[in-house]
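No gaps in the numbering here: position 217 of the sequence shown is 217 in full-length UniProt numbering, and each next residue is one more.
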Amino acid sequence: MLLLLEATVEIELWLPEMRTRGIIGALLKSFGPSEHGTRLVRKGRRLGRFVRHKFWLWMFLFATIFLIYLLLFGLNMHFPAKLEGSGTSIRISARQEILPSHVVGRPPRSKHRKQYLPCEVGFLESIEYLVEPKEVMNFTQFSLQFIDQEGIPSHSNIYEPRFGGHQTLEEREQSFFAKNQTLHCGFIKGPPGFSSTGFDIDAKDKAYMNECKIAVSSCIFGSSDFLRRPTSKKISEYSKKNVCFVMFVDEQTLGKLSSEGHVPDVTGRIGLWRIVIVKNLPYEDMRRTGKVPKFLSHRLFPHSWYSIWLDSKMRLNTDPMLIIEYFLWRTKSEYAISNHYERHCVSEEVLQNKRLDKFNHTAIDEQFAFYQSDGLTKFDPSDPNTPLPSYVPEGSFIVRAHTPIANLFSCLWFNEVDRFTSRDQLSFAYTYLKLRRMNPDRPFYLSMFKDCERRALVKLFRHREEPSPPGPPPVI
């Protein structure tokens with residue numbers, strides 16, 4: 001009985017210890033104050049601390065994994081705009097209709113972006129014996145004139161002169177015929193007494209450009225990019241003397257370049273580039289302003305036979321004469337542009353522009369619906385009669401002869417950019433296919449080369465920044 005009472009007292013004393021120190025600590029404490037028991041107590045305490053440490057470590061690990069999962073997959077609930085259906089109908093997903101375009105942010109760039117590499121291009125080794133073939137002049141011939149000034153329409157109460165003019169839909173339709181005509185093609189002045197519509201260039205620069213027979217041009221507006229000079233050692237002495245290298249900039253860009261150490265010399269050049277300052281820019285959208293030198297080189301260089309356009313994100317690494325020989329003379333073409341490296345259907349380009357919020361979504365939808373209603377169909381790579389290897393170009397590099405139909409195509413393409421959105425990749429296929437469809441007996445020799453060949457001509461960089469936000473819906 002006495003032994004039972006002692007055991008009961010010991011258990012009662014052990015239970016509070018177990019509550020405060022844990023089962024293992026209380027159990028080891030019961031062994032008494034012997035040396036062996038003391039070691040066991042120490043080991044028990046260390047074991048308890050170890051278990052608690054591991055428990056919180058695993059909890060932290062699980063919480064981290066759950067947070068990463070939410071960041072990677074939870075954001076997929078905010079879907080970008082998607083085209084649904086087929087034919088001429090377009091519908092934006094409900095999520096996109098609820099959110100305004102400025103709320104839908106750009107998707108994060110993948111850390112594992114697909115690499116697009118240059119390929120070998122069979123240029124001549126030298127331009128020393130380069131001779132222009134006679135047959136390159138056997139293209140469609142007709143007279144093309146341009147509207148220089150507009151009057152105030154009789155039915156209009158409010159009139160504002162525009163750089164692209166006020167082309168009606170009937171005038172637009174007639175302009176697609178490859179015939180003797182006078183059409184809208186930029187640089188249109190208003191009636192006497194109205195201010196300039198823009199893209200004003202100094203008389204000395206105009207005189208210089210009037211003398212150019214072969215032109216290489218680019219532009220930077222709104223300080224949107226860095227100045228990238230052509231690689232001088234890759235340009236022949238002949239081209240340095242006979243080819244005009246012209247970089248169009250606005251005053252803001254010139255100030256930025258000067259602050260970075262790029263100051264024109266006494267001849268107005270920075271390296272091979274002749275810097276031409278453009279005042280009174282015709283559009284608030286810098287992308288749209290950039291289409292003026294991109295498409296209207298035959299207006300800026302009126303006596304030029306050939307021109308090459310390259311985007312400001314590129315540095316030219318190839319002699320211009322070798323480029324003209326390879327892409328125009330050898331292929332007997334009058335216009336050469338590369339296909340897009342990834343997309344080939346206009347509907348894909350529409351979706352990508354909206355996904356990246358490149359322009360007002362409603363304006364893009366209106367333009368695409370208009371084109372579909374006027375005959376634009378889906379690109380079919382399996383169709384042997386498809387006139388182009390792709391309906392989406394990589395328009396950052398263009399080589400062209402200044403032939404009548406090539407000049408007409410450039411005017412038509414510019415007019416689409418002036419009327420609709422500034423995203424010229426949306427209007428390229430429509431413009432080409434409509435021009436071809438309306439002139440079955442007057443061929444236009446356009447060559448679409450591989451994107452890897454484009455990459456072999458230049459060194460590619462990233463733009464400094466986006467030039468301007470998306471604009472308002474167009475006026476059709």
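Ideal placement from N, C-alpha and C gives every residue a C-beta, glycine not left out.
In its chain, beyond the 5 residues on either side, S338, N339, H340, Y341, D451, R454 have a beta carbon closer than 7 Å to the beta carbon of E394.
Collapsing the DSSP output to three states places W309 in a strand. When C-alpha distances from I127 are compared across I188, Y432, I323, the shortest belongs to I323. The C-alpha of D441 lies about 18 Å from the C-alpha of L388. One thing to note: M314 has its Cβ no nearer than 7 Å to the Cβ of G222.
Between T403 and P282, the C-beta spacing is not below 7 Å.
Measuring C-alpha to C-alpha distances from T289 to each of R228, R274, I275, S224 identifies S224 as the nearest. The alpha helix (DSSP H) runs lying completely inside the segment 259-301 and spanning 4 residues or more are 286-295, 297-300, given in chain order. The beta carbon of K189 sits closer than 8 Å to those of D148, Q149, E150, P161, S196, T197, all from its chain and outside the five residues before and after it, given in chain order. The Cβ atoms of K294 and W273 lie no closer than 7 Å to each other. Here the segment 228-236 makes no contact with the segment 193-213; the two share fewer than three CB pairs at distances below 8 Å.
Taking the Cβ atoms as the reference, C185 lies roughly 6 Å from R299, within the contact range of under 8 Å. About 7 Å separates the CB atoms of L144 and Q181; that is less than 8 Å, so the two are in contact.
Ranked by Cα distance from L356, the options S312, P118, R423 are led by R423.
Relative to the Cα of W413, the nearest Cα in the group F163, F368, L296, L117 belongs to L296.
Annotated three-state conformation of L316 is strand, per DSSP. When C-beta atoms of the segment 166-183 are compared with those of the segment 212-221, fewer than three pairs fall below 8 Å, so the two segments do not count as touching. Contact check for Y445 against E325 fails: the beta carbons are separated by 7 Å or more. Around K291, the same chain offers F414, V417, S422, D424 as residues with beta carbons nearer than 7 Å, after the five sequence neighbours per side are excluded. A straight-line Cα-Cα distance of about 14 Å links F146 and H166.
In the structure shown, D205 adopts helical secondary structure according to DSSP, grouped into three states.
In this structure, the straight-line span from the alpha carbon of V216 to that of H463 is close to 20 Å. Here DSSP, grouped into helix, strand and coil, assigns I214 to strand. Taking the Cβ atoms as the reference, V249 lies roughly 7 Å from V278, within the contact range of under 8 Å. As for any alpha helix (DSSP H) of minimum length 4 sitting wholly inside the segment 228-260, the runs are 237-242, 251-259, ordered along the chain.
Judged by DSSP secondary structure, V121 falls outside any alpha helix (DSSP H); it is assigned neither H nor E. Secondary structure at V131: coil, using DSSP grouped into helix, strand and coil. Boundaries of the beta strand (DSSP E) around S338: 335-339. Contact check for F176 against K434 passes: the beta carbons are separated by less than 7 Å. Burial state of I405 is buried, judged by a 10 Å Cβ sphere holding 16 or more other Cβ atoms. Within the segment 160-187, the runs of alpha helix (DSSP H) at least 4 residues long that lie entirely inside it are, in chain order, 169-174. For Q252, the CB contacts under 7 Å within the same chain, skipping 5 residues up- and downstream, are G222, S223 in chain order. Cβ-Cβ distances below 6 Å link S236 to I127, D319 in the same chain, with the five nearest sequence neighbours on each side left out; the list follows chain order. The alpha carbon of Y391 has as its nearest neighbour, out of A429, S382, T64, the alpha carbon of A429.
Residue burial annotation: S258 is exposed, with fewer than 16 other C-beta atoms found within 10 angstroms of its C-beta.
A direct Cα-to-Cα measurement between G122 and F327 gives close to 10 Å.
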